[in-house]
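S.K.: Dropping the structure in here first, questions after.
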Amino acid sequence: MIKFDNVCFAYDKNNILNNISLSVKKGEFVAIVGRNGAGKTTLMKLLNGLLKPTSGVVTIANLNTSVTRTSELARHVGFLFQNPDRQICRNTVKAEIEFGLKCILTDNADIEKRCRNTIEKFGLLPDKDPFSMSRGERQKVALASVLALSPEILVLDEPTTGLDYKECMHIMETINELNDNGTTVIMVCHDMELVADFAGRIIVVGEGRILDDDVCRSVMSRPEVLKEASLAPPQIVELAIKLGKGFEDVFTLDEMTGIISQRAKREGCIM
Numbered sequence: 001m002i003k004f005d006n007v008c009f010a011y012d013k014n015n016i017l018n019n020i021s022l023s024v025k026k027g028e029f030v031a032i033v034g035r036n037g038a039g040k041t042t043l044m045k046l047l048n049g050l051l052k053p054t055s056g057v058v059t060i061a062n063l064n065t066s067v068t069r070t071s072e073l074a075r076h077v078g079f080l081f082q083n084p085d086r087q088i089c090r091n092t093v094k095a096e097i098e099f100g101l102k103c104i105l106t107d108n109a110d111i112e113k114r115c116r117n118t119i120e121k122f123g124l125l126p127d128k129d130p131f132s133m134s135r136g137e138r139q140k141v142a143l144a145s146v147l148a149l150s151p152e153i154l155v156l157d158e159p160t161t162g163l164d165y166k167e168c169m170h171i172m173e174t175i176n177e178l179n180d181n182g183t184t185v186i187m188v189c190h191d192m193e194l195v196a197d198f199a200g201r202i203i204v205v206g207e208g209r210i211l212d213d214d215v216c217r218s219v220m221s222r223p224e225v226l227k228e229a230s231l232a233p234p235q236i237v238e239l240a241i242k243l244g245k246g247f248e249d250v251f252t253l254d255e256m257t258g259i260i261s262q263r264a265k266r267e268g269c270i271m
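Below, the structure is given as structure tokens:
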């Protein structure tokens, strides 16, 4: 569904990405992680045609992004910006959701139906001004406007920045539900706890190249790679690493308590 083939990108001869090759299958949930300036956001913008590679080929849904109009790519790729205020451009929720639909659809009845269904799904008020809403609610409006288009691929740039825990979980559970139903999700995220909870695969980016690309459990077990990217594994993984022998494969709290419980029973301790 998505393929980068020896992709390079440069701003004014300053190399940002160097010989990136990767592929993402339909239905995957992939997290892209790395320090600020590593090239993550540039990678995201190459995914929806906002940027074109300096060299190499990016293919999305069998379309070469270098020669495909951004409007055509938008039929396949939905993009959620880190800051909803850079995405929302209408003064009512209904108008905001209709805006994207009117860019790709001509049937007014279909536009109205999709808009109504999306508003109901997200529990939004159609006549409310998005800019009078909380940051979390504005992010929900931005996400709703993207999902109204029914994209095959959802690209998220730090989707939970600035949200409290409740707002964060609501957004992530909505995204996870979409992924369960077949939507491919690619998410830039600095919160490794969140990555561990939701992503199935991690791509670690550093200095414009891929440092690691594997399932979450495997990447989290390689602290030297995460350190190179100025990242730290989730706290439970850090604890397991410090505890050493017998805890090497621990990835979740349940796994940790399970091992401790088993050891306690063997040693005759009461839990």
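For the sequence shown, position 164 (counting from the first letter as 1) is numbered 164 according to full-length UniProt numbering, and the numbering increases by one without interruption. Here a beta-carbon is modelled for each residue, glycine too, at the ideal position from N, C-alpha and C.
Enumerated in chain order, which unbroken segments of the alpha helix (DSSP H) with a length of 4 residues or greater are wholly contained in the segment 52-140?
M.R.: Counting whole runs of 4 or more residues, the segment 52-140 contains the alpha helix (DSSP H) stretches 70-73, 93-104 and 108-122.
S.K.: Start and end of the alpha helix (DSSP H) containing residue 334?
M.R.: There is no way to answer for residue 334, as the model of the chain reaches only from 1 to 271.
S.K.: Bridge partners of Arg35, per DSSP?
M.R.: Stepping through the sequence shown from its first residue, residue 35 is reached at position 35. Bridge partners of Arg35: none, in fact.
S.K.: Thinking C-beta only, is Met220 closer than 9 Å to Leu194?
M.R.: On the sequence shown, position 194 is the one that residue 194 refers to. On the sequence shown, position 220 is the one that residue 220 refers to. Cβ distance not < 9 Å, so Leu194 and Met220 don't count as in contact.
S.K.: Less than 9 Å between the beta carbons of Phe9 and Gly39, yes or no?
M.R.: Here residue 9 corresponds to residue number 9 of the sequence shown, with the count starting at 1. Here residue 39 corresponds to residue number 39 of the sequence shown, with the count starting at 1. Closer than 9 Å, so yes.
S.K.: Between Val141 and Val58, how many whole angstroms is the CB-CB distance? I'm expecting something under 8 Å.
M.R.: As a first step, residue 141 must be located in the sequence shown, where it is residue number 141. As a first step, residue 58 must be located in the sequence shown, where it is residue number 58. With 8 Å as the limit, Val141 and Val58 do not qualify as a contact, their Cβ atoms being about 29 Å apart.
S.K.: Residue range of the alpha helix (DSSP H) that Lys40 falls in?
M.R.: Sequence index remark: in the sequence shown, residue 40 carries index 40 (1-based). Taken as a continuous stretch (DSSP letters only), the alpha helix (DSSP H) holding Lys40 covers Lys40 to Leu47.
S.K.: Keeping to the same chain, check which residues put their C-beta closer than 6 Å to that of Gly100; ignore five residues upstream and five downstream.
M.R.: To locate residue 100, count along the sequence shown from 1; it is residue 100. The answer, listed in chain order, is Ser145 and Leu149.
S.K.: Determine the burial state of Asn181: buried for a count of at least 16 other Cβ atoms within 10 Å of its Cβ, exposed for fewer.
M.R.: Here residue 181 refers to the residue found at position 181 when the sequence shown is read from its first residue. When all chains shown are included, Asn181 counts as exposed.
S.K.: What residue from Ile2, Phe29, Arg263 and Phe4 has the CA that sits closest to Asp214's CA?
M.R.: As a first step, residue 214 is located in the sequence shown; it is residue number 214 there, counting from the start. Measuring from the Cα of Asp214, the nearest candidate turns out to be Phe29.
S.K.: Answer yes if the segment 84-94 comes into contact with the segment 116-136, meaning at least three C-beta pairs across the two stretches below 8 Å, and no otherwise.
M.R.: yes
S.K.: Locate the alpha helix (DSSP H) running through Lys26, then write down its first and last residues.
M.R.: As a first step, residue 26 must be located in the sequence shown, where it is residue number 26. Here Lys26 belongs to no alpha helix (DSSP H), and DSSP marks it neither H nor E.
S.K.: Distance check for Thr68 and Arg116, CA to CA, integer angstroms please.
M.R.: Taking the sequence shown and counting its residues from 1, the one referred to as residue 116 is at position 116. Taking the sequence shown and counting its residues from 1, the one referred to as residue 68 is at position 68. The straight-line gap from Cα to Cα measures roughly 31 Å.
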